[in-house]
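Residue numbers (the numbering used here), protein chains in the order written: chain A, 1 to 232; chain B, 233 to 464. Right, one structure below, let's go through it.
Number of protein chains: 2
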Amino acid sequence: FIEIQDLIKIYESKETFIRVPALRGIELQVKKGEFISIIGPSGSGKTTLLLILAGMTEPSAGYVRVDDIQIDKLDDTQRAYYRRNHVGTLWQLPTRNLIWELPIIENVELPMRLLGVTREERKKRAKELLKEVGLEHRIEHKPPQLSGGEVQRAGLATALAHQPKLLLADEPTGELDSHTAEELLIYFRDLNKSYGITAIMVTHDYFVASKTNKIVQIVDGRISGYNPAREL
Amino acid sequence: FIEIQDLIKIYESKETFIRVPALRGIELQVKKGEFISIIGPSGSGKTTLLLILAGMTEPSAGYVRVDDIQIDKLDDTQRAYYRRNHVGTLWQLPTRNLIWELPIIENVELPMRLLGVTREERKKRAKELLKEVGLEHRIEHKPPQLSGGEVQRAGLATALAHQPKLLLADEPTGELDSHTAEELLIYFRDLNKSYGITAIMVTHDYFVASKTNKIVQIVDGRISGYNPAREL
Ligand SMILES: Nc1ncnc2c1ncn2[C@@H]1O[C@H](COP(=O)(O)OP(=O)(O)OP(=O)(O)O)[C@@H](O)[C@H]1O
Ligand SMILES: Nc1ncnc2c1ncn2[C@@H]1O[C@H](COP(=O)(O)OP(=O)(O)OP(=O)(O)O)[C@@H](O)[C@H]1O
Ligand SMILES: [Mg+2]
Ligand SMILES: [Mg+2]
């Protein structure tokens, strides 16, 4: 389902003298329906890898295929289409996952609205999704009126609203207590099984990573190992 | 140093029918120079408690004293002064800790500039603080050009720039891998010992909480126990 070869990403800026080789030759394969985690130190390139898979940033070099689309060859318009239709994302920075001025129920409805889902159907589905993540008593709250963990859960419901084939989640349990994190992971696994969604989760938490099918380790912009949990 | 009695905070909004009793009678004492953690489920009131101690929001009722100031009795101007001079804060939402358009070295300098520190002295101190949190090779980066963990570390350096008497940190290790989290906590403890800063850290991580002098447990807006780590 996903194939990555020799992926390189260098952040460069002419105005400042910044030049950061964030990804230095990533190789990765993910089968359809797999639920994998990527683990690694701060600054090792995890978010950058997700940004590329989400079509949010272009590779500097390398081959990246998601399903039947070679995303390193897309132009801006094609990449925007890919982003909106194929991928559900939950970012590390909470303000990127929700529109801060809208109640969360409208946030969850928005991806469905863009796809032309009827008003009744999206209201029903939005309530279901928010109930699944434990937020049925907060559906009219706007993000500033929620706790950190509630914002993250609302973001997850929004990422799944348009039933994407690929879910990319950057630290989805970062703001959650262990009890809520566990519930969320059970929900992820159920979705993964019942809808066959392929999911890549970035996490710092080995306990969380151990709930997935496969663990990939990244260090300094390169893949340094598979299933490190067994070796730890 | 800190004394809280019967603290109540109810979020209310007349336009929507939201009424959330976030804190339902908090009692807490913290001695000068103590380094305590507050642990509890998502939505239990941790951030709300910190917002009140930071002078960012007013109590609905109750007594709150920090050092020799009774903060529940302050007017808006006095509260703004208290915020700027007495407290260093690191919030759960990264965009609140830094000015997103400025390089991080200027972010760290800003609190010192507001206090009239000379240009040479604040440049020197800002570099030292950023070095302490492992960011000496990123000082010219702006927050969008940093990883999640790097943003958090830059936020911590900024919180300490004006040498506050009280440090409030909401999930300071949330975005960090266990290695970087451990280093950060060692740094917190050193500061706590050498400067006598009183520090309150909110965390979901029992491992992290166990590095502090005292653990306070909060559930549904009330304190439900002390030092739960020993009972676990
Ligand atoms: N826009 C950018 N411009 C320049 N450098 C960048 C930019 N974005 C990220 N970097 C740098 O690239 C490296 C990798 O960043 P990335 O966000 O992928 O790390 P990460 O593995 O997600 O880290 P964390 O666990 O802290 O979130 C970091 O050292 C960071 O400073
Ligand atoms: N501005 C607001 N208006 C209405 N309700 C609010 C507001 N801010 C927070 N709440 C509610 O108050 C409760 C406590 O929120 P708080 O942010 O203090 O929780 P928390 O313990 O920090 O949770 P987390 O661990 O998820 O960050 C939550 O249920 C939340 O929905
Ligand atoms: Mg990241
Ligand atoms: Mg919080």
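Built from N, CA and C at the ideal position, the CB exists for glycine as well.
Within the same chain, E175 come within 6 Å of A:G148 by CB-CB distance, once the 5 residues on both sides are set aside. Beta-bridge partners assigned by DSSP to B:F267: B:A431.
Considered as a whole, the segment 56 to 112 of chain A harbours 76 to 86 as its complete alpha helix (DSSP H) runs of no fewer than 4 residues, in chain order. Distances from the CB of B:S379 to the heavy atoms of ligand 3 include at least one below 7 Å.
Here B:G453 is buried, its C-beta having at least 16 other C-beta atoms within 10 Å.
Think of a sphere of 8 Å around the beta carbon of A:P21: no beta carbon from chain B falls inside it, the nearest being about 13 Å out. In this structure, the straight-line span from the alpha carbon of A:R122 to that of A:V108 is close to 8 Å. The Cβ atoms of A:P94 and A:V30 do not sit closer than 8 Å to each other. Contacts with chain B at 8 Å (Cβ-Cβ) do not include A:L90. When C-alpha distances from A:R84 are compared across A:L185, A:I200, A:L160 and A:Y187, the shortest belongs to A:L160.
At the C-beta level, A:W91 and A:K142 stay beyond 8 Å of one another.
A:K165 is not a Cβ neighbour of A:D72, given a cutoff of 8 Å.
Of the residues B:I432, B:R385 and B:A358, the one whose Cα lies closest to the Cα of A:G43 is B:R385.
The three-state secondary structure of B:E247, taken from DSSP, is coil.
In the structure shown, A:D190 falls within a helical segment according to DSSP collapsed to helix, strand and coil. Taking C-beta atoms as the reference points, B:A441 and B:I447 count as a pair closer than 8 Å. Think of a sphere of 7 Å around the beta carbon of A:D67: no beta carbon from chain B falls inside it, the nearest being about 28 Å out. Contact residues of the segment 393 to 410 of chain B toward chain A are D402, E403, G406, E407, L408, D409 and S410 (C-beta to C-beta distance below 8 Å). Against chain B, the beta carbon of A:Q217 has no neighbour under 9 Å; the closest one sits roughly 11 Å away.
Counting along the chain, the unbroken beta strand (DSSP E) around A:L166 starts and ends at L166 to D170.
Using beta-carbon distances, A:L93 counts as an interface residue toward chain B, with a partner under 8 Å. Following the DSSP letters along the chain, one finds A:Q152 in no beta strand (DSSP E) but inside the alpha helix (DSSP H) bounded by residues G148 to L160.
Bounds of the beta strand (DSSP E) holding B:V451 are K446 to V451. Contacts with chain A at 8 Å (Cβ-Cβ) do not include B:E353. Rounded to the nearest angstrom, the Cβ distance from B:Q237 to B:Y314 is 19 Å, too far for a contact under 8 Å.
With a threshold of 8 Å between beta carbons, A:T118 makes no contact with chain B.
DSSP lists B:Y295 as the beta-bridge partner residues of B:Q237.
Taking non-hydrogen atoms of ligand 4 into account, the C-beta of B:D402 is found less than 7 Å away from one of them. In this structure, A:Q217 sits away from A:G25, with a CB-CB distance that is not shorter than 8 Å. DSSP, read as helix, strand or coil, puts B:R370 in coil. The three-state reading of DSSP puts A:P143 in helix, counting H, G and I together.
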